[in-house]
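Chains as they are written, first to last, in the working numbering: chain C, 310 to 615; chain F, 1188 to 1621. Where a beta carbon is used, it is the ideal one built from N, C-alpha and C, also for glycine.
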Amino acid sequence: MAVIEVQNINKSFGDTQAVRDVSFEIPKGRIFGLLGPNGAGKTTAIRIINHILIADSGTVTINGMKVSSETQSMIGYMPEERGLYKKMKVGEQLIYLAQLKGLSHAEAKEKTRYWLDRFEATDWYHKEIGELSKGMSQKIQFIATIAHNPDIYIFDEPFSGLDPINSEMLKEIVIELRDKGNTILFSTHRMEQVEQMCDEICLFNKGRAVLKGNLRNIKQKFGKNTINIEFEGDASFLDKLEDVRINNRSTNFAEIRVLNGQHMQDILKTAMDHAEIYKFERVEPSLTEIFISTVGEDNINPNELG
Amino acid sequence: MSLHQILLVLKREYMTRIRSKAFILATILIPVGMIAFIGIVIGISVWDSDTDRTIGIVDQTEVLYPRLTEISPERYEDFSKIPQDSLRALVQEQEVDGYVILNEDHITGNANPEFVSGGSGGLGLQQTIKSDLREVIRNERLARANVSDDVQKIYESQITLEMRKLTKEGKETDSDTGFMTVVGLAMGFIIFGSISGYGGLITRSVIEEKTNRIIEVIASSVKPIELLLGKMGGIGALALTQLTIWITTLIGLGMAAGPVAQMFMTPDMKENLANADQAAQASPALDPEIFSIPPIDASLIIYFIIFFLLGYLIYSAIFAALGSAVDSEADTQQYMFPIMVPIFIGYFIMFRAMENPDGMLSIVGSLIPFCTPIVMITRIAITDVPFWQIGLSILLMIGTFIGTMWLSAKIYSVGILSYGKSANWKELMKWIKE
């Protein structure tokens, strides 16, 4: 059953149409990635799901209920623009935010204590946010998002601005939450970061959902038409290859998308003539490659892959 | 709209602010600052009136100068022995402020005395000299006319006007117009100060949530209108708390002032007071009750609270909308001006209402909802405002509040989520139409 169901939503701000006729479903217990470049309309879609913005047309349902103030408390939301009251104490602030999500004062206090302990931050309870380091306040922000124990979590660009330790921690939390049966939606424009985590994806471009579905299925549909090559020596042969697209190129690595059904053996031969090959692997395309093919030259029909 | 959410927001706004150092400091320092300001003003006027002026008198009658020194021993100096040329030189060198030559013609009324001065002293000095001369000449003429003591007494008698006020119930009381004018001005001033002060606080509070970026977290739990109402309520409660503290302190001090003043008064002073009382007869010199505060009508206090709250509500919604429309405090200027204009107009009409509370300007000003809270309370304190005017002004304010609240809520709900730049007027119009 779909926990979040988005149907044909549209949203305009003046002359710019931020979201155009977008539909997708998020099944229960999955990690759903909303991917796309900056300005594609991801944040607008997320705000509509959170009932912060109201769609001009179309419907959004959460657990079968139309979005409203009630559905808000079913969701833990961490916006891209993160922030807390600087002059308020950590404990009071977390209790306040949890109360706004419908917890009683006692429940909110208990949860706050629990999560602060869990993050080894018990003694921050009486500190003001302004006194904390950036990494510390990021942890408080996570707690604020999850303390009311909802079953849907939405993270907008969660990894931007996170230090590596908190970034790892967030990944662990997200996977742990999923394993407990919760549903997670997050958005990012850094696709390679989330490839390992997402079960389902929806690719956004210019306000439209251009590709959506189960990540495995999508990759399979694209087929193993990509080569990961590691080599040492003259890299200029890469420029001579025809009918390919090269992503992630560095001095001794390249991800080569083979177009027009060209024989991969020919590419290997050319490469061997110019450089020493350490690794030559035929793989499914990366999300970045899938995105470029989808919105770029290949113009794949999204319905084909649904 | 959920009352529960509004109350949560209200409580946070109130609790975090009331414990803040800024609030505690302001509560103590604002009255101290005002007392210091009033003290300085009084100090200046006392110090100012002490300016010594020297007027040379050439008294050819030999009777007028002694009379003048009786009135003011320091102001007039006998220059009878100095030739007129030297007198002119003294004035030119500014050794004296001026001189008057008095002769018999002045006493008989055949000629008017001339005051020759270097131009200093201003109108006040001229008035003083004029009345002093009139008095001494009149007294001298009376003396020469050999009138009876009775007639002389008639001339010496001074007339003061005793103020009595007839209430609607037919009771006659001491008129307290002077005191009530002060009360009315103080109330108008408090409303004026609170609207601008607490309004600014709301604007800053909204901007703070925007720049902290916590607004989106809050908006995912609370409706903008709930947040707005909670904020207005919380800061309004803060304002009432601060006012209560001040007014209680003031009343406490007022009640303590009488006994304390008595304690500090030396027996000598008390005697002087008593003597002055007897001697002055009808003069209102020193009322023994001068240190006690006359009673203020309960209805006035209720009106004060009503106008305070309505004024606060009308403006706080606008100030909140202003905060949501801008991206930083520095950008508030362009919107602050049009908001402050009606507040200041009300403030200036208040002073007009003090002198002429039933004049056209005062009546119109007290019925314009944006000026009502400041002007009307001053009028109510000073004069009997017809009930239809009070009722109408309250209705108009409620209507205006609904209007500003509606507009502000529209601007606010869009504004809080638009980061990056301050909105211009055109964008505001668009937000309202949305």
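> Excluding sequence positions up to five away, which residues of its chain have a Cβ less than 7 Å from the Cβ of T1256/F?
Replying inline: Taking the second sequence and counting its residues from 1, the one referred to as residue 1256/F is at position 69. These residues qualify, in order along the chain: Y1263.
> Going along chain F, which residues have a C-beta under 9 Å from Y386/C?
Replying inline: The residue labelled residue 386/C in the question sits at position 77 within the first sequence. The answer, in chain order, is E1403, V1404, S1407 and S1408.
> What residues from chain F crowd round G323/C, counting only those whose CB sits closer than 8 Å?
Replying inline: As a position in the first sequence, residue 323/C is number 14, starting the count at 1. Going along chain F in sequence order, the residues near G323/C (Cβ under 8 Å) are K1617.
> With DSSP run on the structure shown, which of helix, strand or coil describes I1598/F?
Replying inline: Taking the second sequence and counting its residues from 1, the one referred to as residue 1598/F is at position 411. Residue state, collapsed to three classes: helix.
>> Considering only the alpha carbon of each residue, which of Y1490/F, R1325/F, Y1606/F and D1363/F lies closest to T1559/F?
In response: Here residue 1559/F refers to the residue found at position 372 of the second sequence. It is Y1490/F.
> Do we get a CB-CB distance below 8 Å when we pair S1189/F with the residues of chain C?
Replying inline: Here residue 1189/F corresponds to residue number 2 of the second sequence, with the count starting at 1. Answer yes: the Cβ-Cβ gap between S1189/F and chain C drops below 8 Å somewhere.
> Closest Cβ-Cβ distance between Q1521/F and chain C: below 8 Å?
Replying inline: Here residue 1521/F refers to the residue found at position 334 of the second sequence. Q1521/F does not count as touching chain C.
> Under three-state DSSP, which class holds K578/C?
Replying inline: Mapped onto the first sequence, residue 578/C falls at position 269. It is helical.
> According to the Cβ coordinates, are R1321/F and I1294/F closer than 8 Å?
Replying inline: Taking the second sequence and counting its residues from 1, the one referred to as residue 1321/F is at position 134. Taking the second sequence and counting its residues from 1, the one referred to as residue 1294/F is at position 107. Contact flag unset, no.
>> Tell me which residue opens and which closes the alpha helix (DSSP H) that R558/C is part of.
In response: Within the first sequence, the letter at position 249 stands for residue 558/C. Note, R558/C: premise wrong, no alpha helix (DSSP H); beta strand (DSSP E) at V553 to S559.
> Would you report the Cα separation of N491/C and L1414/F, rounded to the nearest angstrom?
Replying inline: Numbered from its first residue, the first sequence carries residue 491/C at position 182. Numbered from its first residue, the second sequence carries residue 1414/F at position 227. The alpha-carbon atoms of N491/C and L1414/F are separated by roughly 29 Å.
> In three-state terms, what does DSSP make of Y587/C?
Replying inline: Counted from its first residue, the first sequence places residue 587/C at position 278. Strand.
>> Contact criterion: CB-CB distance below 8 Å. Does Y434/C meet it with respect to chain F?
In response: Your numbering for residue 434/C matches position 125 in the first sequence. Not closer than 8 Å to any Cβ of chain F, the Cβ of Y434/C fails to qualify, so no.
> By DSSP, does S1232/F sit in helix, in strand, or in coil?
Replying inline: Within the second sequence, numbered from 1, the residue matching residue 1232/F stands at position 45. Note: S1232/F maps to helix in three-state DSSP.
>> Tell me which residues share the same chain as E1396/F and place their Cβ nearer than 6 Å to its Cβ, disregarding the 5 neighbours each side in the sequence.
In response: As a first step, residue 1396/F is located in the second sequence; it is residue number 209 there, counting from the start. I1402, listed in sequence order.
> Cα-Cα, which of P388/C, D365/C and L362/C is closest to P467/C?
Replying inline: Numbered from 1 along the first sequence, position 158 holds the residue referred to as residue 467/C. Cα-wise, what sits closest to P467/C is P388/C.
> Interface residues of chain C around R1400/F at Cβ under 7 Å?
Replying inline: Locating residue 1400/F in the second sequence gives position 213, counting from the first residue. Per Cβ cutoff of 7 Å: E390, R391 and G392.
> Can you list, in chain order, the residues of its chain whose CB lies under 7 Å from that of F531/C, leaving out five sequence neighbours each side?
Replying inline: Here residue 531/C corresponds to residue number 222 of the first sequence, with the count starting at 1. The answer, listed in chain order, is E593, P594 and I599.
> Are the region 404-418 of chain C and the region 427-438 of chain C touching, with three or more C-beta to C-beta distances below 8 Å?
Replying inline: no
>> Run through chain C and tell me which residues come within less than 8 Å of Y1606/F, C-beta to C-beta.
In response: What you label residue 1606/F is simply residue 419 of the second sequence in a count that begins at 1. The contacting residues are E390.
>> So the candidates are I1569/F, A1596/F, G1590/F and S1553/F; which of them puts its Cα closest to the Cα of L1579/F?
In response: Here residue 1579/F corresponds to residue number 392 of the second sequence, with the count starting at 1. Nearest option by C-alpha distance: S1553/F.
> Per DSSP, which one or two residues make a beta bridge with V492/C?
Replying inline: Indexing the first sequence from 1 puts residue 492/C at position 183. Before going further, note that residue 492/C is Thr rather than Val in the sequence given. Partner(s): I461/C.
> Under 8 Å between C-beta atoms, does K521/C make it to chain F?
Replying inline: Sequence index remark: in the first sequence, residue 521/C carries index 212 (1-based). Not one chain F Cβ lies under 8 Å of K521/C.
>> If we define contact as Cβ-Cβ less than 8 Å, is L406/C a contact residue for chain F?
In response: Here residue 406/C refers to the residue found at position 97 of the first sequence. Cβ-Cβ to chain F under 8 Å: yes for L406/C.
> Buried or exposed: I1536/F, going by 16 or more other Cβ atoms within 10 Å of its Cβ?
Replying inline: Position 349 of the second sequence, counted from the first residue, corresponds to residue 1536/F. Buried, because 16 or more other Cβ atoms sit within 10 Å of the Cβ of I1536/F.
>> Suppose contacts are defined by Cβ-Cβ distances below 8 Å. Is S1549/F in contact with Y1385/F by that definition?
In response: Taking the first residue of the second sequence as 1, we reach residue 1549/F at position 362. Taking the first residue of the second sequence as 1, we reach residue 1385/F at position 198. No, these two residues do not count as a Cβ contact at 8 Å.
>> I need the straight-line Cα distance from D1484/F to V1562/F, nearest angstrom please.
In response: To locate residue 1484/F, count along the second sequence from 1; it is residue 297. To locate residue 1562/F, count along the second sequence from 1; it is residue 375. So the alpha carbons of these two residues sit roughly 18 Å apart.
>> Quick check: V483/C and T603/C, are their CB atoms within less than 8 Å of each other?
In response: Within the first sequence, numbered from 1, the residue matching residue 483/C stands at position 174. Within the first sequence, numbered from 1, the residue matching residue 603/C stands at position 294. In this structure, T603/C does not lie closer than 8 Å to V483/C by Cβ.
> Along chain F, which residues have their Cβ under 8 Å away from the Cβ of A453/C?
Replying inline: Start at 1 with the first residue of the first sequence, and residue 453/C comes out as number 144. What A453/C touches in chain F: V1404.
>> Once the 5 residues before and after M1188/F are set aside, which same chain residues still bring their CB inside 7 Å of it?
In response: Here residue 1188/F refers to the residue found at position 1 when the second sequence is read from its first residue. K1410, I1412 and E1413, listed in sequence order.
>> Applying the 10 Å Cβ sphere with the 16-neighbour rule, what's the burial state of H700/C?
In response: Any property of residue 700/C remains undetermined from this structure, which presents chain C solely from 310 to 615.
> Using CA coordinates, which residue listed in V567/C, G342/C, I335/C and E390/C is at the minimum distance from V369/C?
Replying inline: Residue mapping note: residue 369/C aligns to position 60 of the first sequence, counting from 1. Residue I335/C is the option with its Cα nearest to V369/C.
> Roughly how many whole angstroms lie between the Cα atoms of H1191/F and S1600/F?
Replying inline: For the purposes of this step, residue 1191/F is taken as the residue at position 4 of the second sequence. For the purposes of this step, residue 1600/F is taken as the residue at position 413 of the second sequence. When rounded, the distance between both Cα atoms is 19 Å.
>> Can you pull out the residues from the region 1384-1398 of chain F whose beta carbon lies closer than 7 Å to at least one beta carbon of chain C?
In response: none
> Expressed to the nearest angstrom, what Euclidean distance is found between the alpha-carbon atoms of Y1606/F and T1203/F?
Replying inline: By 1-based counting over the second sequence, the position of residue 1606/F is 419. By 1-based counting over the second sequence, the position of residue 1203/F is 16. Computed Cα separation, rounded: 25 Å.
> Among S469/C, M506/C and R591/C, which one has its Cα closest to the Cα of E481/C?
Replying inline: Taking the first sequence and counting its residues from 1, one reaches residue 481/C at position 172. Measuring from the Cα of E481/C, the nearest candidate turns out to be M506/C.
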